Amino acid sequence: MIRMRFFTEEDKGVMFRLAKAHEPFTEHVTPDMFLARIADQEGWIFEDDGQLVGYLTLSTFQPLHSALIHATIRPEYRGLWIGMSNLRAVFGHLFNGDCLDLEKVYAYAVVGETYPAAKLLDSLGFQREGLDRRGLKLVDGRVFDLVRYGMLREECPWIKPRSEIRQWLKARRTRVH
Ligand SMILES: CC(C)(COP(=O)(O)OP(=O)(O)OC[C@H]1O[C@@H](n2cnc3c(N)ncnc32)[C@H](O)[C@@H]1OP(=O)(O)O)[C@@H](O)C(=O)NCCC(=O)NCCS
Numbered sequence: 373m374i375r376m377r378f379f380t381e382e383d384k385g386v387m388f389r390l391a392k393a394h395e396p397f398t399e400h401v402t403p404d405m406f407l408a409r410i411a412d413q414e415g416w417i418f419e420d421d422g423q424l425v426g427y428l429t430l431s432t433f434q435p436l437h438s439a440l441i442h443a444t445i446r447p448e449y450r451g452l453w454i455g456m457s458n459l460r461a462v463f464g465h466l467f468n469g470d471c472l473d474l475e476k477v478y479a480y481a482v483v484g485e486t487y488p489a490a491k492l493l494d495s496l497g498f499q500r501e502g503l504d505r506r507g508l509k510l511v512d513g514r515v516f517d518l519v520r521y522g523m524l525r526e527e528c529p530w531i532k533p534r535s536e537i538r539q540w541l542k543a544r545r546t547r548v549h
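With our numbering applied, the sequence shown covers 373 to 549.
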């Protein structure tokens, strides 16, 4: 059974190893770079029998109006709805939590490379907000466009009463893409 908990300093080493081994675009990332990147971030890890199978990081921006989220799941655990079910569960914390009361959450998907990321964000109810042309450049010179996805608090289905969530899911299933 997958368990989710806030990550701590002690988890960051194993999170780095997961990112390095399984996340695209991490060829040039060193442990120091990774630790610096997540130094001010909070978030959750997903564990299966104590083994790290994924994580979700959250970068908040002062004065706590918005946050950027990023999820990574170990490849053999992808497609099992771990991203979907665990991300759904964090929206209460993001939009209605004791600590966070955000207006907006956003995320990026790399064009042409991470179809699952785009699908996950779309399934969660994020809206496509725009194309960040050449938003990612790697040390070897390769450049990629990014799609920016955003969700406003009032658009978030997962903090609404169950009956409204059911309606939202039904409407999505019948929507013609
Ligand atoms: C993006 C990622 C976190 C998705 O996690 P996951 O647990 O595998 O996703 P889920 O199983 O919850 O699937 C969510 C949706 O994406 C779809 N999906 C998942 N993997 C897919 C794949 N390989 N191809 C097509 N669709 C896929 C699922 O069918 C589901 O859609 P549905 O709600 O219509 O059924 C995972 O693929 C990953 O770690 N990718 C590398 C890191 C990354 O790109 N992160 C950016 C995310 S912000």
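Glycine is no exception: its CB is placed at the ideal position from the N, C-alpha and C atoms.
Because the structure is a prediction, the values reported are computed rather than measured.
If you measure between the beta carbons of Met376 and Asn468, is that distance less than 8 Å? For the purposes of this step, residue 376 is identified with residue 4 of the sequence shown, where counting begins at 1. For the purposes of this step, residue 468 is identified with residue 96 of the sequence shown, where counting begins at 1. Not in contact: Met376 and Asn468 (Cβ atoms no closer than 8 Å).
- Message: What does DSSP give as the partner residue(s) for Ile322 in the beta ladder?
- Response: The displayed coordinates of the chain run from 373 to 549. Any statement about residue 322 would go beyond what the structure contains.
Between which two residues does the beta strand (DSSP E) containing His442 stretch? By 1-based counting over the sequence shown, the position of residue 442 is 70. Ser438 to Ile445 is the extent of the beta strand (DSSP E) around His442.
Just verifying my parser: in three-state terms, what is the DSSP assignment at Phe516?
Position 144 of the sequence shown, counting from 1, holds the residue named residue 516. In this structure, Phe516 counts as strand in the three-state DSSP scheme.
* Asked: Three or more C-beta pairs closer than 8 Å, one from the segment 538–545 and one from the segment 512–527: is that the case here?
  -> no
Quiz item: Given that a residue counts as buried once 16 or more other Cβ atoms are within 10 Å of its Cβ, and exposed if not, what is Cys528?
Solution: In the sequence shown, the residue the question calls residue 528 occupies position 156. With 16 or more Cβ atoms within 10 Å of its Cβ, Cys528 is classed as buried.
Q) Roughly how many angstroms lie between the CA atoms of Ala461 and Glu414, to the nearest whole one? A) The sequence position of residue 461 within the sequence shown is 89, counting from 1. The sequence position of residue 414 within the sequence shown is 42, counting from 1. Looking at the two C-alpha atoms, the distance is approximately 15 Å.
Any contact of the segment 433–447 with the segment 398–406, i.e. 3+ C-beta pairs under 8 Å?
no
- Any idea what DSSP makes of Gly455, helix, strand or coil? Reading the sequence shown from its first residue, position 83 is the one you call residue 455. DSSP places Gly455 in helix when its eight states are reduced to three.
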